[in-house]
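Heads up: the protein sequence lines correspond to chains U, W and E, in order. Note that the first sequence covers residues 1 to 331 in the working numbering. Note that the second sequence covers residues 1001 to 1287 in the working numbering. Note that the third sequence covers residues 2001 to 2254 in the working numbering. Single-structure report; data block below.
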Amino acid sequence: MTVSAVRSPAPLALMLLGVTALLCAGGVAVGSLGWEPLWSRAGDASAAILWDIRLPRTLGAWFAGALLGLAGAVAQGLFRNPLADPYLLGSATGAALGVAVLLVLIGVAPAAGSGWIEGLGLTGAAFAGAVAAVLVTLGLAKGVQHTLRLLLAGVVVGMVFGALAALVMFWVPDIMRAMQAFLLGTTGFLGWASVGLLATLFAISLAVAVAFSRALDALALGETTAASLGIALGPVRVVLIGVMALATGAAVAQVGLVAFIGLVAPHLVRAAVKPTHRWLLPLAALTGGVLLLAADVLARWLLAPQELPVGVLTAVLGGGYLLWLMHRRPS
Amino acid sequence: MIKWLCLLLCAFALQAAAVQVVDDRGVAVDLPQPPRRIVSMLPSLTELVCELGGCERLVGVDNYSNWPPAAQKLPRLGGLEDANIEMIVALKPDLVLLAYSSRAMARLESLGVKAMALEPKTIADLRRVWEQMGHVLGASDAQRLWDRVDAGVTAAARSLPVSLRGTTVYFEVNSGPYAASEGSFIGELLARVGGANIVPGNLGPFPKLNPEFVVRADPQVIMISDRNSQALKDRPGWDRIRAVRTGRVCMFTPEQGDVLVRPGPRMAQAARLMVDCLTGRLKETAR
Amino acid sequence: MSVALLAEGLRVTLGGAEVLRGIDLALPAGRWTAIVGPNGAGKTTLLKALAQLLPHRGRVQLLDREASAWGHRGRARLLAWLGQNQGGAEDLLARDVVMLGRLPHQPWLGAPGAADGAAVEAAMRETQCWDWRDRALGSLSGGERQRVLLARALAVQAPLLLMDEPLANLDPPHQADWLRIVRRHVERGGTALSVLHEITMALHADEIVVMDAGRIVHQGRCADGGTHAALESVFQRRISVHSLAGQWVALPNE
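As structure tokens, this is what we get:
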């Protein structure tokens, strides 16, 4: 029961950018005591807090959300399934397993060999785990020929890696608290280095994905039709899965497992306009950034100086939206 | 008069044998005689039982009870969430000591096993549980032992130089970051030895903080009890904190962490560890 | 008469079963050929194999060149495909769906040009769906949707037009429109190949290919008596072909 949506995507993009700017200002104003804009207050300490802590956190949250929104739009286009999310190929539980293994290694060999382990860090381990999981999925599905096989393999890998991570936690329960902190998501430790990394990976992912936006549109008509239009399905799938893995791995590594952003952002865009992927991908990224940033600001604000895990808020917000969506469409 | 004396003697005689203790759930647990076979599913309770002279009566402990050394040889019966009911029952215990939040309680009681929920979370809790365990075990010197431990804490507090009293401290228990506030056992102990906790008690015992809070509070000393914490220098803005700049960061070993975190008879040792950290005598420093 | 599509010894195996058992076919250029046959004869499979959308054994030539020699984009510009039961694309505007037909002519990263816009408009007007170009595909009825998809295939402006059950969901006036579209395509020099269930419609074509159990049973002109006999026999004499008002119609035998 959709009304014909003739609204062009450009105004939506502008609106999202405007909301982003507002949220950034909000993010820089919300600190450990709740709402406290420090701009007027002079002093070295205030500037340091704004610049070293709040600003990179805010920007990092936006970029992570944008990466997830982009990956979600790519997943939904590639698998032609509106319920697809970026964690479909097992990258989420792969990251969890990577983090669990690293935590165990740190605990087991604190002094010896800790050089490269610490250099890798939690973020490196999470990223490596996410990418490894996607590779295992590709191997299990014997390449990218069959979309259905990919989906099934992704589900299997997701479950198995999740079980392995749980097993590691069972064997070494000391890591449970740290794992929980990672799993529920936080932007608390994002510094400028992380922001730089996220921004770079976002630029790359967006550029590649938009270059393939026509292929995603053609895929919407079915794989046979897309092939008849000259789309080389194999290479296209490989590139898009690579983009998904990169974007998801980067976001999960820095911010933890944040639910729903990748699933909900493309839907929100499509509820407003009916764009082709050339617009859908950037708009989904913008929406994802807004969602995660909003959740992060709320997470910091509601119980200051305590912090809610941002993953909890995104689940509540995302779940609420899906409920509303189900309520809206009687079928 | 004689009647009263008889009653008194009878009551006393019965008292020596039968015990009734009200546990943390508010349930009165009746023990017709002092238990000879005890299972402890909480490390702090294991330590307490042994301190009160009941170590030989322990027939099983949980996976994390690792002190005193005698307890390490006992059969392991699971953790907080996954107590092995079958193994516990097979040991035919007279009494099982559990944490308040344990799921095994209902199951064990339905199987006819006597179970008590005791989970000391503050120093006051510990005092009360100490007394209760003394009753249960029939240990007559429980009060003396408590006084000894208490005196140890006071001695540790006195050994802190006056100039270091009131040092602001941030105690991190887990990455998140989860801190130990004034309201936790650790926080109370810290207060007794003369430290000032930057995390107030109204946030709960172990709140998950905004890292900015710690930067702004600028503690003089940081104590970390979990090796898995993210390297402090990598945290944005943390290199400005006094404790990080002056290197007054104490990373406790797992063994030391056990002593600090468990509300039990090693309280005096925990106090001494804190004092060592505050005076800079602790060998472990920030990575 | 030149040959648009040539197949030699075409074999296709799907899921362990041999669906096409050695097809030899020469389809004339500038003609409309209809493929008919009972369910499971392999009509769709044949169409897909000819369009290089299925792995197959045997030779296929498109316009006197080996199919593989054309390359992806070359083939895409040569051959427009309209498949059966196309799901998806609910959220795309009708206009954008038809614009996808211009993909073979557009550079990889370029924006649609004026020629593309003109081709889209022409195709949509021909199938009479221009009026709802700004509506989402998911909001259209079955027949409206089919016309948009048909416009998408026409927008490719390819000399070869391959269609699988193109009349699905179309009501009689639009079925008649479709006949007109195919005729016009052929008049302009194109070749059309359509799999059809509606025998009467198929009898409007220039030639008919009759298939049964993975083989070609007959190929001939629609007016031919031999063709009619082959049709009746492949459907076990449950239909009979009659002439009515200057057209051939297939009527069921009770």
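Glycine is no exception: its CB is placed at the ideal position from the N, C-alpha and C atoms.
- The DSSP assignment places 1115 to 1117, 1168 to 1174 as complete runs of the beta strand (DSSP E) inside the segment 1099 to 1182 of chain W, in order along the chain (cut-off: 3 residues).
- U/S228 belongs to the set of residues whose beta carbon lies under 8 Å from a beta carbon in chain E.
- Rounded to the nearest whole angstrom, the C-alpha separation of U/L292 and U/A245 is 19 Å.
- For U/H277, the enclosing alpha helix (DSSP H) has its first and last residue at 277 to 301.
- Contact between W/I1038 and W/R1057 holds, since their C-beta atoms are separated by about 5 Å, short of 8 Å.
- One alpha carbon belongs to W/L1098, the other to U/A100, and they sit about 29 Å apart.
- In the structure shown, the three-state DSSP call for W/R1057 is helix.
- Bridge pairing for E/Q2052: absent [DSSP].
- Remark: three or more beta-carbon pairs, one from each stretch, lie closer than 8 Å, so the segment 153 to 162 of chain U and the segment 81 to 92 of chain U are flagged as touching.
- Scanning chain U for C-beta atoms nearer than 7 Å to the C-beta of W/K1208 yields Q306, E307, reported in chain order.
- Here DSSP, grouped into helix, strand and coil, assigns U/G27 to helix.
- For U/D52, at least one C-beta of chain W is nearer than 8 Å to its own C-beta.
- According to the DSSP assignment, W/D1258 belongs to the alpha helix (DSSP H) that extends over 1254 to 1261.
- One thing to note: U/A247 has its Cβ no nearer than 8 Å to the Cβ of U/V269.
- E/R2077 is not a Cβ neighbour of E/A2155, given a cutoff of 8 Å.
- Taking a contact as a CB-CB distance under 8 Å, the pair W/A1179 and W/P1211 does not count as one, their CB atoms being some 10 Å apart.
- Against chain W, a Cβ distance below 7 Å from U/I204 picks out nothing, because the smallest value is about 24 Å.
- For E/W2130, no CB of chain U lies under 8 Å from its own CB, so it is not counted at the interface with that chain.
- Along the segment 206 to 221 of chain U, going in chain order, the ones with a CB nearer than 7 Å to a CB of chain E are A211, R214, D217, A218, A220, L221.
- Within the segment 2068 to 2129 of chain E, complete beta strand (DSSP E) segments of at least 3 residues are found at 2079 to 2082, given in chain order.
- In this structure, the straight-line span from the alpha carbon of W/P1034 to that of W/A1018 is close to 7 Å.
- E/A2017 counts as exposed, since fewer than 16 other C-beta atoms from the protein chains shown sit within 10 angstroms of its C-beta.
- In this structure, E/T2033 lies near E/V2209, with their beta-carbon atoms less than 8 Å apart.
- With a cutoff of 8 Å on beta-carbon distance, U/L55 and U/G262 are scored as not near each other.
- Contact with chain U is found for W/G1237, since one of that chain's Cβ atoms lies less than 8 Å from the residue's Cβ.
- Between W/L1080 and W/M1133, the C-beta spacing is not below 8 Å.
- Residue nearest to U/G72 within the set U/V297, U/V258, U/T187, U/G139 is U/V258 (criterion: CA-CA distance).
- In this structure, the straight-line span from the alpha carbon of U/G121 to that of W/R1240 is close to 22 Å.
- For W/Y1170, the nearest beta carbon of chain U is not closer than 8 Å to its own beta carbon.
- In this structure W/A1270 is in contact with W/L1260, their Cβ atoms being roughly 5 Å apart against a cut-off of 8 Å.
- Of the residues U/H277, U/T147, U/P305, U/R214, the one whose Cα lies closest to the Cα of E/P2104 is U/R214.
- In the structure shown, U/W51 adopts helical secondary structure according to DSSP, grouped into three states.
- For U/R300, not one C-beta of chain E is nearer than 8 Å to its own C-beta.
- Contact between E/R2095 and E/D2116 fails: their C-beta atoms lie close to 11 Å from each other, not under 8 Å.
- Taking 9 Å as the cut-off between beta carbons, none of the residues of the segment 1090 to 1104 of chain W comes near chain U.
- Taking C-beta atoms under 8 Å as the contact rule, E/L2100 and E/A2136 fail to qualify, at a distance of about 14 Å.
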